[in-house]
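Heads up, the thing below is written out as structure tokens.
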Amino acid sequence: MSLTLYDTMARKKRPFVPANPRRVTMYVCGPTVYNYSHIGNFRPVVVFDVLFRVLRRIYGESAVLYAANVTDVDDKINAKAAEEGVPIGEITDRYLAAYNGDAQALGALMPTAQPRATQTMAAIIAMIGRLVHNNSAYAAEGHVLFDTQAYGDYGKLSGRPLDEMIAGARVEVAPYKRHPADFVLWKPSKPGEPEWESPWGPGRPGWHIECTAMIEQELGLPIDIHGGGIDLVFPHHENELAQGMCADPGGNGGHAGYAHYWLHNGFLNMADEKMSKSLGNVTLAHDLLKLQPGEVIRWALLAAHYRQPLAWTDDALSQARNSLDHLYGVLGRARHIEAGGSGALLEDQLEPLLDDLNTPAGMFLLKKLANDLDAAVRKDTGAAPAIKQDLLALAEVMGFLTQDPQVWFQGGADAGLKIEIDALIAARDAARAAKDWGEADRIRAELTALNIEVMDGPAGATWRMKEQA
RNA sequence: GGCCUGAUGGCGGAGUGGUUACGCAGCGGACUGCAAAUCCGUGCACCCGAGUUCGAUUCUCGGUCAGGCCUCCA
121 MSLTLYDTMA RKKRPFVPAN PRRVTMYVCG PTVYNYSHIG NFRPVVVFDV LFRVLRRIYG
181 ESAVLYAANV TDVDDKINAK AAEEGVPIGE ITDRYLAAYN GDAQALGALM PTAQPRATQT
241 MAAIIAMIGR LVHNNSAYAA EGHVLFDTQA YGDYGKLSGR PLDEMIAGAR VEVAPYKRHP
301 ADFVLWKPSK PGEPEWESPW GPGRPGWHIE CTAMIEQELG LPIDIHGGGI DLVFPHHENE
361 LAQGMCADPG GNGGHAGYAH YWLHNGFLNM ADEKMSKSLG NVTLAHDLLK LQPGEVIRWA
421 LLAAHYRQPL AWTDDALSQA RNSLDHLYGV LGRARHIEAG GSGALLEDQL EPLLDDLNTP
481 AGMFLLKKLA NDLDAAVRKD TGAAPAIKQD LLALAEVMGF LTQDPQVWFQ GGADAGLKIE
541 IDALIAARDA ARAAKDWGEA DRIRAELTAL NIEVMDGPAG ATWRMKEQA
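121 is the number of the first residue of the first sequence in the working numbering; add one for each residue after it.
Structure (structure tokens):
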């Protein structure tokens, strides 16, 4: 099976070839845990979860190492802790738990490692030490700065030559920087903020160094795939790359590279504008999940190709809901079919995903397989078991159809409501048997008021919860 | 100002040098006591201009528009 991925560094699709097929490594930049994350923050979670699943399918479950970091040292965390008068650990534990819960609800598998900055401090300090030692970094006024002049290819990832960036810079340059693009590896903490001891004085790490240290500690350099949002290309990933290359004991470029493939997901937009906390146009995944099944939100997040911008609208959610209702409806009608006996190659079903994670094409194939299954069941052609297996195999790699169809349609009803519904359905069946249409319709109206939709069929009436949102 | 993306039908969204997926919504029909679900059929698009070509929505250049990055950011 050959997987092709768009590499930001190469600016084109490249065949994916891991350095070691028995140990495939992927790192994705994760959240800063100081609050609930908005739905846009979960786009990479879901996108790279699909990639994780595809890789596991190709190379084997135990062969893929997927690390997603958690930033738990940060100004915003400090501010939140100060506001509540609690240690930062209380803030970060709380919001990390919420984040993981939301990710799970969206069908994302746990990464194989979830390193935290506070637990990587020794590796961070050691790496800064190496950078200072080999003159890639310098100490100045209590700070340690990375010397961007030390890395000849600085700017290559983002396509921004250094001099052009300086020409267009709109930020004030700290006086202790040798070069305007130099960035902080270590800085003193403000009074009252958490700090760690280091050879350059007490303080805390800059933003970029934690990822590089975590990658080295968790996965080892170089890694196969490095992922994140498109906004991270510059400066975050550019800086990671520069310090990572220079931190190698072999010197600048001494190892085979930092990451062999750079993947970046596009933004999720609200009404043509990026969803952003500073713009105030955020929808929290945590709130959305109270209104919609996680699979519906996951579907909406994967409905556009991951590199394209994704417009987040109520209509997109409702279309996602319709699509899943259709697929679950087919599965419900095929519930008596035992999946199996497929002669088809898994590669056929994976093909859309193997082409740079083309999830919309994957959805198209899901729907096609579902329609084929429906027809095979209806016409009793004997092809149903194989088609059902294919459908479920693709759905699993995409993280869909994880529930029993009956639970999908009726899961929103508690036991008491179900008893009430069954009684009403029975009464309506009796009325229909007596051709008392007035009474039958009256009961249906009663069920509608309970948010229940009735569907008459040859084997009697079935029902489902209607869409909530 | 510099750099980088994108522009497909009413909406969402793939893809392709020549017959343009699919979903939702719409319309007609079948089925139904009426519905729902399902099935059959059907209308609707490739931003503008130039170039390359027998032929461009697809390739090239220019333009327009939109979005992003250059500051925390998925």
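For each residue, glycine too, the CB sits at the ideal point set by N, CA and C.
Quick caveat, the model's predicted, so the values are computed rather than measured.
1) Since D407 is in the alpha helix (DSSP H), which residue starts that stretch and which ends it?
2) Pull up the distance between the alpha-carbon of Q428 and that of L388, whole angstroms please.
3) Which stretch, first to last residue, makes up the beta strand (DSSP E) that contains I244?
4) Should the segment 190-199 be regarded as contacting the segment 235-245, the criterion being three or more beta carbon pairs within less than 8 Å?
5) What is the DSSP secondary structure of L470, reduced to helix, strand or coil?
6) Counting pairs of beta carbons, one from the segment 489-505 and one from the segment 438-450, are three or more of them closer than 8 Å?
7) Select from T479, G414, G340 and G249 the residue whose C-alpha is nearest the C-alpha of W528.
8) On the DSSP bridge list, what partners appear for A187?
9) Could you pull out every residue in the same chain whose Cβ sits closer than 8 Å to the Cβ of I530, ignoring the five residues on either side in sequence?
10) Short of 7 Å in beta carbon distance, which residues of its chain neighbour M121, apart from the five on each side in sequence? Order them along the chain.
11) Nearest CA to the CA of N255: which residue from E261, G364, F266 and A246?
12) Are Q606 and A459 close, meaning C-beta to C-beta below 7 Å?
13) Below 8 Å on the Cβ atoms is my guess for L229 versus V174; work out the distance and round it to an integer in Å.
14) Classify W419 as helix, strand or coil using the three-state DSSP reduction.
15) Please go through the same chain and pick out, in chain order, the residues whose beta-carbon is closer than 8 Å to the beta-carbon of F354, but skip the five residues on each side of it.
16) State the Cα-Cα distance for the pair H299 and G262, rounded to the nearest angstrom.
17) Just confirm the distance between the C-beta atoms of Y271 and A362, as a whole number of angstroms; I'd bet it's less than 8 Å.
18) Between A436 and the rest of its own chain, which residues show a CB-CB distance below 7 Å, the 5 nearest in sequence each way excluded?
19) Just to confirm the assignment: which complete alpha helix (DSSP H) runs, minimum length 4, are found wholly within the segment 327-377?
20) Along the chain, where does the alpha helix (DSSP H) that runs through L521 open and close?
21) Between D561, G461 and A554, which lies nearest to A513 when the distance is taken from Cα to Cα?
22) Let me check one thing: in DSSP terms, what residues is F266 bridge-paired to?
23) Opposite H384 in the DSSP bridges: which residues?
24) Find the nearest neighbour of L430 within the set G386, A405, A130 and K297, judged by alpha-carbon distance.
25) Start and end of the alpha helix (DSSP H) containing I178?
26) Three Cβ pairs or more, each shorter than 8 Å: is that satisfied between the segment 308-317 and the segment 149-156?
27) Short of 6 Å in beta carbon distance, which residues of its chain neighbour A503, apart from the five on each side in sequence? Order them along the chain.
28) On the criterion of 16 or more Cβ atoms from any shown chain inside 10 Å, does E203 qualify as buried, or is it exposed?
29) With distances taken between CB atoms, is the gap from A188 to G150 smaller than 7 Å?
30) Comparing C-alpha positions only, which one of A581, Y378 and P135 sits nearest to A550?
31) Specify the secondary structure class of W316 as computed by DSSP and reduced to three states.
32) Among Y147, A367, G347 and S396, which residue has its Cα nearest to the Cα of G233?
33) By a C-beta neighbour count over all protein chains shown, 10 Å radius and 16 as the cutoff for buried, is P164 buried or exposed?
34) Where DSSP assigns a beta bridge to T124, which residues make up the other side?
35) In whole angstroms, give me the CA-to-CA distance for A579 and E210.
Here's the rundown:
1) A405 to L411
2) 9 Å
3) Here I244 belongs to no beta strand (DSSP E); instead the alpha helix (DSSP H) covers M241 to H253.
4) yes
5) The answer is helix: DSSP assigns L470 an H, G or I state.
6) yes
7) G414
8) Y147 and A233
9) It should be pointed out that residue 530 corresponds to Gln in this sequence rather than to Ile. The answer, listed in chain order, is K538, W583, R584 and M585.
10) I178, E467, L470 and L474
11) F266
12) The shown model of the chain, from 121 to 589, leaves out residue 606, and the question about it has no answer.
13) Contact doesn't hold; Cβ gap of about 12 Å is too wide.
14) helix
15) L277, S278 and R280
16) 17 Å
17) 4 Å
18) The beta carbon of A436 sits closer than 7 Å to the beta carbons of A420 and A423 from its chain, once the five residues preceding and following it are set aside; these are given in chain order.
19) 329-334 and 358-367
20) From DSSP, L521 is part of no alpha helix (DSSP H); its letter is neither H nor E.
21) G461
22) A257 and F303
23) G348
24) G386
25) Element bounds for I178: F162 to Y179.
26) no
27) A496
28) exposed
29) yes
30) A581
31) strand
32) At residue 233 the sequence reads Ala, which differs from the Gly that was named. Comparing Cα-Cα distances from A233 to each of Y147, A367, G347 and S396, the minimum goes to Y147.
33) Counting the other CB atoms within 10 Å of its CB gives P164 a total of 16 or more, which places it among the buried residues.
34) Its beta-bridge partners are P135 and D475.
35) So the two alpha carbons sit approximately 55 Å from each other.
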